[in-house]
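Number of protein chains: 2
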Amino acid sequence: MNVFKHLQHQRRELTGRAFDRHLRLGVTGLSGSGKTAFITSLVHQLTQGDQPSNLPFFDVVREQRYLGGRLASQVLAVPRFPLEQNLQYLQQTPPAWPPSTTGWSQLSLQLRYKAASGLRSHLQSHSELALDIIDYPGEWLLDLPMLDMSYAQWCEFSWQLFAKTHRSAAAQPFAQLLQNTDLQDASELHLQQLTDSYKQLLTQFHQTPGAYLNQPGRLLVPGVLSGAPMLQLFPLLPQQAEQPSALATQLEQHYDSYRKHVIKPFYQQHFSALDRQVILVDCLSALNAGYAAITELQQALRLILQSFNYGPSSLLSRLFKPKISKVLFAASKSDHATPEQHKALTLLLQQLLQQPLKNSQYQAATTEAMAIAAIRASSSGFVQADGLAQPCISGTGLDQQALTYFPGDIPPTVPPQEVFEQHKFAFLPLRPLPWNDTQALPHVRMDHVLQFILGDKLR
Amino acid sequence: MNVFKHLQHQRRELTGRAFDRHLRLGVTGLSGSGKTAFITSLVHQLTQGDQPSNLPFFDVVREQRYLGGRLASQVLAVPRFPLEQNLQYLQQTPPAWPPSTTGWSQLSLQLRYKAASGLRSHLQSHSELALDIIDYPGEWLLDLPMLDMSYAQWCEFSWQLFAKTHRSAAAQPFAQLLQNTDLQDASELHLQQLTDSYKQLLTQFHQTPGAYLNQPGRLLVPGVLSGAPMLQLFPLLPQQAEQPSALATQLEQHYDSYRKHVIKPFYQQHFSALDRQVILVDCLSALNAGYAAITELQQALRLILQSFNYGPSSLLSRLFKPKISKVLFAASKSDHATPEQHKALTLLLQQLLQQPLKNSQYQAATTEAMAIAAIRASSSGFVQADGLAQPCISGTGLDQQALTYFPGDIPPTVPPQEVFEQHKFAFLPLRPLPWNDTQALPHVRMDHVLQFILGDKLR
Numbered sequence: 036m037n038v039f040k041h042l043q044h045q046r047r048e049l050t051g052r053a054f055d056r057h058l059r060l061g062v063t064g065l066s067g068s069g070k071t072a073f074i075t076s077l078v079h080q081l082t083q084g085d086q087p088s089n090l091p092f093f094d095v096v097r098e099q100r101y102l103g104g105r106l107a108s109q110v111l112a113v114p115r116f117p118l119e120q121n122l123q124y125l126q127q128t129p130p131a132w133p134p135s136t137t138g139w140s141q142l143s144l145q146l147r148y149k150a151a152s153g154l155r156s157h158l159q160s161h162s163e164l165a166l167d168i169i170d171y172p173g174e175w176l177l178d179l180p181m182l183d184m185s186y187a188q189w190c191e192f193s194w195q196l197f198a199k200t201h202r203s204a205a206a207q208p209f210a211q212l213l214q215n216t217d218l219q220d221a222s223e224l225h226l227q228q229l230t231d232s233y234k235q236l237l238t239q240f241h242q243t244p245g246a247y248l249n250q251p252g253r254l255l256v257p258g259v260l261s262g263a264p265m266l267q268l269f270p271l272l273p274q275q276a277e278q279p280s281a282l283a284t285q286l287e288q289h290y291d292s293y294r295k296h297v298i299k300p301f302y303q304q305h306f307s308a309l310d311r312q313v314i315l316v317d318c319l320s321a322l323n324a325g326y327a328a329i330t331e332l333q334q335a336l337r338l339i340l341q342s343f344n345y346g347p348s349s350l351l352s353r354l355f356k357p358k359i360s361k362v363l364f365a366a367s368k369s370d371h372a373t374p375e376q377h378k379a380l381t382l383l384l385q386q387l388l389q390q391p392l393k394n395s396q397y398q399a400a401t402t403e404a405m406a407i408a409a410i411r412a413s414s415s416g417f418v419q420a421d422g423l424a425q426p427c428i429s430g431t432g433l434d435q436q437a438l439t440y441f442p443g444d445i446p447p448t449v450p451p452q453e454v455f456e457q458h459k460f461a462f463l464p465l466r467p468l469p470w471n472d473t474q475a476l477p478h479v480r481m482d483h484v485l486q487f488i489l490g491d492k493l494r
Numbered sequence: 036m037n038v039f040k041h042l043q044h045q046r047r048e049l050t051g052r053a054f055d056r057h058l059r060l061g062v063t064g065l066s067g068s069g070k071t072a073f074i075t076s077l078v079h080q081l082t083q084g085d086q087p088s089n090l091p092f093f094d095v096v097r098e099q100r101y102l103g104g105r106l107a108s109q110v111l112a113v114p115r116f117p118l119e120q121n122l123q124y125l126q127q128t129p130p131a132w133p134p135s136t137t138g139w140s141q142l143s144l145q146l147r148y149k150a151a152s153g154l155r156s157h158l159q160s161h162s163e164l165a166l167d168i169i170d171y172p173g174e175w176l177l178d179l180p181m182l183d184m185s186y187a188q189w190c191e192f193s194w195q196l197f198a199k200t201h202r203s204a205a206a207q208p209f210a211q212l213l214q215n216t217d218l219q220d221a222s223e224l225h226l227q228q229l230t231d232s233y234k235q236l237l238t239q240f241h242q243t244p245g246a247y248l249n250q251p252g253r254l255l256v257p258g259v260l261s262g263a264p265m266l267q268l269f270p271l272l273p274q275q276a277e278q279p280s281a282l283a284t285q286l287e288q289h290y291d292s293y294r295k296h297v298i299k300p301f302y303q304q305h306f307s308a309l310d311r312q313v314i315l316v317d318c319l320s321a322l323n324a325g326y327a328a329i330t331e332l333q334q335a336l337r338l339i340l341q342s343f344n345y346g347p348s349s350l351l352s353r354l355f356k357p358k359i360s361k362v363l364f365a366a367s368k369s370d371h372a373t374p375e376q377h378k379a380l381t382l383l384l385q386q387l388l389q390q391p392l393k394n395s396q397y398q399a400a401t402t403e404a405m406a407i408a409a410i411r412a413s414s415s416g417f418v419q420a421d422g423l424a425q426p427c428i429s430g431t432g433l434d435q436q437a438l439t440y441f442p443g444d445i446p447p448t449v450p451p452q453e454v455f456e457q458h459k460f461a462f463l464p465l466r467p468l469p470w471n472d473t474q475a476l477p478h479v480r481m482d483h484v485l486q487f488i489l490g491d492k493l494r
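Structural data, given as structure tokens:
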């Protein structure tokens, strides 16, 4: 990992610019939130879509000061975000969403623009900004709270979670297995057997709509850590974790090792280098999945927000001094609802975040929430029904059927459980709109995104 | 990777012993050479099989000074060799070979013995030796020569190799593809498309008996490097590599990056920490596969030996000062032939190594070659044929059929091509012998192995 850190450092020096001429933007979100589509669109807008008609709210473009963006040469040893491959998926017939990535990757851009005013606008024909976009799984941020819990507390936390309605049935066999296990047997085979069972459970959760919170985050995608004993890690039943036993002692050691060798290095080596952050949230799928899902999403966001809490008593300030100055929460896939519902979607996301925002102290970071669609999957319009113009969207379902319909209202606040019992939300998944690369990628509010993330750096 | 180095260092300090109380043993070999069986057996012999009747040529055991070995606690962040799981495979009905590992792993032992004589034997009731066994793919050693070749030389080298009889047909489509490719197109998609084709070719080679030499070694198992641009790497046709072009320039950069960020760190961080080394060689499969296979095995061994050539002008002495003092070449699976053929097997291995041994200067390392079987797959005996006692072996084929047969003679030197045209070697693959863990694991000459590798450290 240090190789990467060294390379990042080197690259920053090589660009030979003052610090504010170089920006490292993190993009994350839980699995399925739309990271791949977001980065693909962001880069395409900055390199091909810079017409005022396409990005009206992006000041530097509207003021015709944007001279263009191009892919910059990239450190060859760092995983590269597969932009070109993703654009190919969108151009297929029928168009397909690009596959999601695992792990982290990076893409570097060089942006050129005319300064709006000030000394630079007079002295230089143009200015440049180097932009590194870093993609990583939101699940990695969910590990942070483990730094603040003992192993026994983590067991307590996990089993409270597993008691939720959308999880409890799946967790039953593993609970049974632990109940009947010999706590004095900390042998390799026993540990591995129990870990394998826990992995099965996590895999099941991973496929359960609304089960966002799966720890430890690297158990299912171990990468280079594969086979390391510290990944033999699972939560004993709370009463088991409290009593001293050979198994509890061993698991405690693995837990500590995981925190030291996985969680902390991620923050110290990768996260600490970020300047700004986009967090994508798929609220519509959570609504589809029901009450337990939307409350777990709220809980997951609360945990993720801890990574952006820089108060003096925060977890992170013990590890390093973060320098993220802007955080954007984006409700993705807003085009799966009709446009007049976007306001409600933004309000819903804000409510999901409100509780945590109140609790934390963003000493340096400005935050914003908005509803977006990185790559449009629908066009919107109206149908006449009972003599009234009824809003609707048109798109193509995954089964390739053409659809024109009203997907339903988005509640502006988290609805009470009763609503979910009487009403089933059903925001359908859609294919991307047909596209060829002579056009800008159709989007919703990517210009607002760009303005918030980059506007002040391109003045 | 530095984490691992740091941990190794820490561990070495923690053991609190002078340097010669701690030994790091590397075990390697090309894919299929029997690394997993070897390490499983080695550890089992040292922890469970220490009876003089089982290890008669291992001095410390024969002299009854060996007090036992046990698994030591291991750094939790380092991939652990799955010993216990492997032993389970051997105890199945029918017994099965444990699955082969990819990447590297480690297992640590603590050995206890009485010193034979000298001050220690009087002062201490017992002495201890900490033994770390490090498993890594032999393919990683095949990358070393790339440090000494330019990109153009590597292309030349690769295409000479691909012209060999057992490779040329498979390589034809990729040669054709390159022939028709636009050398000025160094776009991401073009690079990835060509790399994908080269990967397909390597996969085909990997499944071709006798195609040992596949570079770059990490293309098929990229692990954490997955997606890094430097892994877009393949050999252009020699005449293409010599002319300046956008594609050649780009590939040259990837080649240099691969050498700097993959090959050198492996030697500097992992290899440099080894004290002794076992290299397993499956000569019988090479004989089965024919003349081209056995000559390619010879070539692969020549390249692997460069990693143990410590002359002042060696590749490695530019990177670090190696300290491997003993290297054992073991012809594995010798029990797939009858015992009176083992001498010929050893001679054959020696001949495969002879040319390289002459050329290189082992300033510090003692080498040895022997024929072994880490875990027996056959018992040997005699059948009466024409009134004569004919040697034979008995075992179980992969299809579970019981077999008693004479597998044929092993040639003590590499036979000329004509022999392969007239005669087909057929050393059949066998299942391991049935075994339960109350017994020592049956083997051939693991006591000789232990004596060579550890004997002097257990005096």
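Chain order of the listed sequences is A and R.
Here our numbering = 1-based position in the first sequence + 35.
Here our numbering = 1-based position in the second sequence + 35.
The beta carbon of each residue, even a glycine, is placed where N, CA and C say it ideally should be.
Would you tell me roughly how many angstroms separate the C-alpha atoms of residue i and residue j, rounded to the nearest one?
i	j	result
Ala379(A)	Gln239(A)	32 Å
Gly61(R)	Arg466(R)	26 Å
Cys190(A)	His201(R)	57 Å
Glu287(R)	Ser185(R)	8 Å
Lys492(R)	Ala150(R)	10 Å
His371(A)	Asp291(R)	47 Å
Ser360(R)	Gln312(R)	8 Å
Met36(R)	Ser429(A)	Since pLDDT at Met36(R) reaches only 39, below the 50 mark, its modelled position is unreliable, and no value is offered.
Pro273(R)	Gln341(R)	24 Å
Tyr124(A)	Asp482(A)	23 Å
Ala328(A)	His161(A)	49 Å
Gly443(A)	Phe460(A)	7 Å
Gly103(R)	Leu144(R)	10 Å
Would you kindly check if the distance between the Cβ of residue j and the Cβ of residue i is under 7 Å?
i	j	result
Tyr302(A)	Leu254(A)	no
Leu315(A)	Gly64(A)	yes
Asp310(R)	Leu81(R)	no
Val78(A)	Ala263(R)	no
List, in chain order, every chain R residue whose beta-carbon is nearer than 8 Å to that of residue i.
i	result
Met265(A)	Leu111 and Ala112
Ser261(A)	Pro114 and Gly138
State buried or exposed for residue i, treating a residue as buried only when at least 16 other CB atoms are found within 10 Å of its CB.
i	result
Glu498(R)	Any question about residue 498(R) goes unanswered here, given that chain R covers just 36 to 494.
Lys368(R)	buried
Leu49(A)	Low local confidence applies: a pLDDT of 45 at Leu49(A) is under 50, so the model's placement there is unreliable, and no value is given.
Thr373(R)	buried
Lys70(A)	buried
Asp178(R)	buried
Kindly indicate the opening and closing residues of the alpha helix (DSSP H) around residue i.
i	result
Ala437(R)	That residue, Ala437(R), is in no alpha helix (DSSP H); its beta strand (DSSP E) goes Ala437 to Tyr440.
Phe73(R)	Lys70 to Thr82
His201(R)	Thr200 to Gln214
Tyr233(R)	Glu223 to His241
Taking Cβ-Cβ distances shorter than 8 Å, what residues in chain A pair up with residue i?
i	result
Leu224(R)	Glu119, Gln120 and Gln123
Mind listing the chain A neighbours of residue i? Cutoff is C-beta to C-beta under 7 Å, in chain order.
i	result
Val78(R)	Residues of chain A passing the Cβ test: none, with the nearest at roughly 12 Å.
Go to residue i, then tell me how far its beta strand (DSSP E) extends in each direction, as first and last residue.
i	result
Gln145(R)	Ser140 to Tyr148
Asp482(R)	Segment Met481 to Leu489 is the alpha helix (DSSP H) holding Asp482(R); no beta strand (DSSP E) there.
Ile168(R)	Ser162 to Asp170
Glu403(A)	Thr401 to Ala406
Ile329(R)	Ile329(R) -> not in any beta strand (DSSP E); alpha helix (DSSP H) instead, spanning Tyr326 to Leu340.
Tyr247(R)	That residue, Tyr247(R), is in no beta strand (DSSP E); it is neither H nor E in DSSP.
Please compile the residues from chain R whose C-beta is within a distance smaller than 7 Å of the C-beta of residue i.
i	result
His161(A)	Within chain R, no residue comes near His161(A); the closest Cβ sits about 26 Å away, beyond 7 Å.
Ser292(A)	Leu111 and Ala112
Please find out if some non-hydrogen atom of the ligand MG comes closer than 6 Å to the beta-carbon of residue i.
i	result
Asp178(R)	Absence of the ligand MG from the depicted structure is noted, as is the absence of any ligand whatsoever, leaving it without description.
Can you pull the chain R neighbours of residue i, defined as C-beta to C-beta under 9 Å?
i	result
Gln227(A)	Pro117, Glu119 and Gln120
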